[in-house]
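In the numbering used here, the protein residues as written are 937 to 1177.
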């Protein structure tokens, strides 16, 4: 269970969501803010450099652990719960970063959402959905650290019930992006495919209080990302729920 002061979540947005950005959004009363995504092992860092070369914003740091520590401290000044979205090609990469995040008093978010080919080519991001035993191993290993964990993924990629099955008992929340590819709308039916009993954060691309309210009929919280560049829009959503 995720205890938050408001059912709103700033979703990860690589290259933008550092501690200062998250603090500014958290200051508006948002329930949880997410730093990252952050590549935390050599393979995903190398692939992220390729993304940067084709003009995508990314966080790539030699000392990503120091970055996590510094940015979480800044974000926590807002009073919002803080999560850190991470991606790795190895279980060890997830574990070492999860330990740092736990020591910071933040939440780990496993990125099974990124569908960029470079990231999927090393078994990270959305590639995890096609290797559920490995995903289960990652979640169980992190659970043993004792840190709260969120699994973020896209709906309509693999059967959601299978994802629920491997996360049950070793994950505190599922963050489900139900946006339809190529369309400016989301698929509510995705939420109904996930059994009761786990905290659900829905959608990733909420833009107003009306759409947030629709998601909250099915989920415990809603998330947004792109509109975070518009502080007035965020204030309107937080105030309207």
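Each residue gets a CB set at the ideal place from its N, CA and C atoms; glycine is no exception.
Check: 4-residue-minimum alpha helix (DSSP H) runs that sit fully inside the stretch 1123-1157, ordered along the chain; Outcome: 1125-1128, 1145-1152
Check: Of the residues 1026, 953, 1154, the one placed nearest residue 1004, counting alpha carbons only; Outcome: 953
Check: Which listed residue (1156, 1165, 1143) has its alpha carbon closest to that of residue 941; Outcome: 1156
Check: Own chain residues within Cβ distance below 6 Å of residue 1025, not counting five before or after; Outcome: 977, 979, 980, 1058, 1059, 1060
Check: Span separating the alpha-carbon of residue 950 from that of residue 1161; Outcome: 10 Å
Check: Local conformation of residue 1056 per DSSP, three classes; Outcome: helix
Check: Beta-bridge partners of residue 1021, as assigned by DSSP; Outcome: 1045
Check: Secondary structure of residue 975, DSSP reduced to three states; Outcome: strand
Check: Euclidean distance between Cα positions of residue 989 and residue 974; Outcome: 17 Å
Check: Residue 1095 versus residue 1124 - alpha carbon distance; Outcome: 15 Å
Check: Coil, strand or helix - residue 980 by DSSP; Outcome: helix
Check: Residue 1047 to residue 1013 span [Cα, whole Å]; Outcome: 24 Å
Check: Given 8 Å, three or more beta-carbon pairs between the stretch 951-971 and the stretch 1164-1171; Outcome: yes
Check: Reduced DSSP category for residue 1116 - H, G, I as helix; E, B as strand; rest coil; Outcome: coil
Check: Paired residues, beta bridge with residue 1090 - DSSP; Outcome: 1113
Check: Whether residue 1087 touches residue 1075 by CB criterion (8 Å); Outcome: yes
Check: For residue 953, the residue or residues it bridges with in DSSP; Outcome: 972
Check: Residue from 1082, 960, 1103 whose Cα sits closest to the Cα of residue 1069; Outcome: 1103
Check: Backbone CA spacing between residue 939 and residue 1152 [nearest angstrom]; Outcome: 15 Å
Check: Sub-8 Å separation of residue 1078 and residue 1031 beta-carbons; Outcome: yes
Check: Residue 1084, enclosing alpha helix (DSSP H) - first and last residue; Outcome: That residue, residue 1084, is in no alpha helix (DSSP H); it is neither H nor E in DSSP.
Check: Residue of 1113, 957, 1134 minimising C-alpha distance to residue 1142; Outcome: 1113
Check: Residue 1097 classed as buried or exposed, judged by whether at least 16 other C-beta atoms fall within 10 angstroms; Outcome: exposed
Check: Enclosing alpha helix (DSSP H) for residue 1031 [first to last residue]; Outcome: 1027-1039
Check: Cutoff 8 Å; reference residue 996; Cβ partners in own chain excluding five residues on either side; Outcome: 975, 981, 984, 985, 988
Check: Separation of residue 1052 from residue 1021, as counted between CA atoms; Outcome: 16 Å
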